[in-house]
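Colleague: One structure is given below, represented as structure tokens, and several questions about it will come after.
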Amino acid sequence: MLELAAIELDRRRLRERWQSLGYHGNRSIPQRLLEGVREYPEVESIYYAEKKLRRTTNRELYEHSLRIASALEKLGVGRGDVVAVQLPTWYETTVLYLALMQLGAIVLPIVSIYGQTEVEFILRQSRAKLYFSPAKWRKIDYLRRHAALRTLPDLQGIVIVGADAPAGAPTWESLEAASTSGFQPVESDPDAVSLLMYTSGTTSAPKGVQHTHNSLLREWGRPTYRNRGLYLNSLPAGHYTGFGHLFRPSIYGIPAVFLDQWDAQFAAELVQRHRIKASGGTPIFLFSLLEMASKHGFDISSLRTFGLGGQGMTPELVQLADSHGFPGARVYGSTEHPTVTSYDPELPFQQRAYTDGRLDEGNEVRIVDEEGRDVPLGHEGEILSRGPEMFVGYLDAELDRDSFVAGGWLKSGDIGRLDAEGFLTIVDRKKDIIIRGGENISSVEVEETLARHPAVRAAAAIAVPDRMYGEKVCVCVELHPEQSLTMDDVRRHFDQAGLARQKTPERLEIVPELPRNATGKVKKFELRAKLREKVKSEQGE
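Here it is in structure tokens:
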């Protein structure tokens, strides 16, 4: 386990190296926003909130962000302050993100579906100064949580965006009313933290991932995103990829259409209406888009490429995209290291379908055995990576000690192999997480939550394969004597726990006893193997 001083020394050396190679620069995001609005003032973004259209240009976005920045400054927001934003992909969300960058603040996006338990932990640990949320959105009542959140010691205010705000509550409209012209963007160090994003992992609590201006700009400006035409984004603004797409029109002149929630029929209609050229997402996005296009007769022939990420990427999925005229491809990354690999739609099917992409320029990968020794090319081992768009550590620095090895290499927790041409293939997962529809779910968090149910003696959370979502949460439960448990019991228990709904198990397996090794650790590989066979039998395979 490395000392924190050694980890920081590695980071400093890597920053100097990436600077010398041109991957990092001396400009901050506010500087790039100004350059972007001068170069691409009329590039258009289209937002659909509840299917209602709003068009805007880079010039309008930029000027609006400066006005909102002036109002936030009056509320005391400044350089280094953390501001939490739990909003869908709305026009206002983009304006707010840009405004916070102009202030030199740290943006803290929170996934819209996170429940009170997760949000309270995130706001407390991050010491967020302000929190933005809707009053209600879809089936989520955010107002119910606000009373508890107001007791947090560092939170100075909650601002409501959208309809149904209580009388007298701070709102987006009150920010607009307080805004003035003439705001000057704050000068920011390109190596300063500008984004704090929480992700689930092997620990029960979410982990705060820190990115700088330089790491974000390197990721957003990758050549693989250039010159692809109008892009359809329906990824949430609280996710790393969805967050980044909101900045690309303003900085790089890439026109985009944004959806605030995934609706496959509406998405297919928009591809036809706007002649959209590119998109991407998890398996459920692709499956449902093609299904709705076929069912309702939408012409999606303008689509030229579709990037696939998340768990459950198969050659069959890539073939499905290809058969509809747009090359599919698999890519690999994480919130910590967003784009380890990228794809070229011109590559042969074999490489797009049977690998997870080629190492992106500037990125490096090592494949190591259990002892941390490099394995021969083509052999399997744990993936270690480093590159210029990699994060600069967790907010809880102690987590860094288990996550990095000497030289600034990040331990992925994934098993893979690398070939001589630089193509990476993921073959297994070492870390104990479940990836449902692109969302990381901590098995430990699910197990700890279920263990609090009075009927449960012990529980193990594992992934069950799913065609649409890639994986779903299955819990294998050992009960106390003379106790019973149903799926309805499990759903009620998780609802009362205040967690995001996607963490609620969707399959329950009652077992007489969980298999354990000599030290008492549950042998999940046995549970997974038995479950795979059971699923195959149920599906008649």
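Numbers 411 to 951, taken from our numbering, label the letters of the sequence shown in order. Yeah, the Cβ is synthetic: ideal placement off N, Cα and C, and Gly gets one too. If you're wondering where the values come from, they're calculated on a predicted model, not measured in any experiment.
For ILE793, which residues does DSSP report across the bridge?
Modeller: According to DSSP, which records beta bridges pairwise, ILE793 is partnered with ILE777.
Colleague: Do ALA674 and LEU713 count as a contact pair if the criterion is CB distance below 9 Å?
Modeller: No, the pair does not count as a contact, with Cβ atoms beyond the cut-off.
Colleague: Just to confirm before moving on: does the CB-CB distance between GLY486 and LYS539 stay below 9 Å?
Modeller: yes
Colleague: Does the region 692-710 come close enough to the region 656-670 that 3 or more CB-CB pairs lie under 8 Å?
Modeller: no
Colleague: Among LEU828, LEU718, VAL521 and ILE920, which one has its Cα closest to the Cα of GLY618?
Modeller: VAL521
Colleague: Classify ASN850 as helix, strand or coil using the three-state DSSP reduction.
Modeller: strand
Colleague: In this structure, how does DSSP classify ASP574 when only helix, strand and coil are distinguished?
Modeller: DSSP, read as helix, strand or coil, puts ASP574 in coil.
Colleague: Rounded to the nearest angstrom, what separates LEU834 and THR765 at their Cα positions?
Modeller: For LEU834 and THR765, the distance between alpha carbons rounds to 6 Å.
Colleague: Are the beta-carbon atoms of PRO580 and VAL569 separated by less than 9 Å?
Modeller: yes
Colleague: Taking ASN773 as the reference, give the member of HIS434, LEU412 and ALA416 with the closest Cα.
Modeller: HIS434
Colleague: Are ILE478 and VAL505 closer than 9 Å when you measure CB to CB?
Modeller: Contact flag set, yes.
Colleague: Quick one: Cα of SER625 to Cα of ASP420, how far?
Modeller: Whole-angstrom Cα-Cα distance: 16 Å.
Colleague: Starting from the C-beta of ALA509, find all residues in its chain whose C-beta is less than 7 Å away, skip the five residues before and the five after it, and write them out in chain order.
Modeller: Hits under 7 Å: SER475, ILE478, ALA479 and LEU482.
Colleague: Do you know offhand how far VAL883's Cα is from SER853's?
Modeller: 8 Å
Colleague: What separation, rounded to the nearest whole angstrom, lies between the Cα atoms of THR561 and LYS933?
Modeller: Roughly 42 Å between the two C-alpha positions.
Colleague: Which of helix, strand or coil does DSSP assign to ALA763?
Modeller: helix
Colleague: Could you tell me which whole alpha helix (DSSP H) segments of length 4 or greater appear in the region 446-526?
Modeller: 468-484 and 501-512
Colleague: Rounded to whole angstroms, how far is the Cβ of ARG489 from the Cβ of VAL596, which I believe are closer than 8 Å?
Modeller: 6 Å
Colleague: Could you have a look at ALA1015 and say whether DSSP puts it in helix, strand or coil?
Modeller: Lying before the first or after the last residue shown, residue 1015 is absent from the chain, which here runs from 411 to 951.
Colleague: Under the assumption that GLU923 contacts GLU892 (Cβ atoms under 8 Å), give the Cβ distance between them as a whole number of angstroms.
Modeller: No, GLU923 and GLU892 are not in contact; Cβ-Cβ is about 16 Å, not under 8 Å.
Colleague: Return the Cβ separation of LEU497 and SER455 in integer angstroms, given the expectation that the two are a contact with Cβ distance under 8 Å.
Modeller: LEU497 to SER455, Cβ: 16 Å. No contact.
Colleague: If you follow the beta strand (DSSP E) that GLY837 is in, where does it begin and where does it stop?
Modeller: It is Val, not Gly, that sits at residue 837 in the sequence shown. Start and end: 834-839.
Colleague: What did DSSP end up calling ARG714 once you bin it into helix, strand or coil?
Modeller: coil
Colleague: Pull up the distance between the alpha-carbon of THR499 and that of ARG464, whole angstroms please.
Modeller: 12 Å
Colleague: Who are the near neighbours of TYR501 in its chain, counting only those whose CB is closer than 6 Å to its CB and skipping five residues on each side?
Modeller: TYR457 and ARG464
Colleague: Starting from the C-beta of GLY847, find all residues in its chain whose C-beta is less than 6 Å away, skip the five residues before and the five after it, and write them out in chain order.
Modeller: THR692, ILE694 and TYR879
Colleague: Output the distance between the C-alpha atoms of PRO785 and VAL775, rounded to the nearest integer angstrom.
Modeller: Residue identity check: residue 785 is Val in the sequence provided, not Pro. So the alpha carbons of these two residues sit roughly 12 Å apart.
Colleague: Which residue from SER752, LYS687 and PRO864 puts its Cα closest to that of GLY719?
Modeller: SER752
Colleague: Taking the continuous alpha helix (DSSP H) assigned at TRP630, which residues delimit it?
Modeller: 623-630
Colleague: According to DSSP, is LEU828 helix, strand or coil?
Modeller: strand
Colleague: Work out the CA separation of ASN468 and LEU513 for me, nearest whole Å.
Modeller: Each residue's Cα considered, the two are about 18 Å apart.
Colleague: Can you give me the start and stop residues for the alpha helix (DSSP H) that LEU941 sits inside?
Modeller: 934-948 is the span of the alpha helix (DSSP H), which, as asked, contains LEU941.
Colleague: From ARG425 to ASP829, what does the alpha carbon distance come to, in whole angstroms?
Modeller: 27 Å
Colleague: Answer with buried or exposed for PRO787, where buried requires no fewer than 16 other C-beta atoms within 10 angstroms of its C-beta.
Modeller: A small fix is needed here, since residue 787 is Leu in this sequence, not Pro. Burial call: exposed.
Colleague: Which complete beta strand (DSSP E) runs does the region 848-923 hold, if anything under 3 residues is left out?
Modeller: 849-852, 866-876, 880-889 and 917-920
Colleague: Where does GLN594 fall in DSSP's three states?
Modeller: coil
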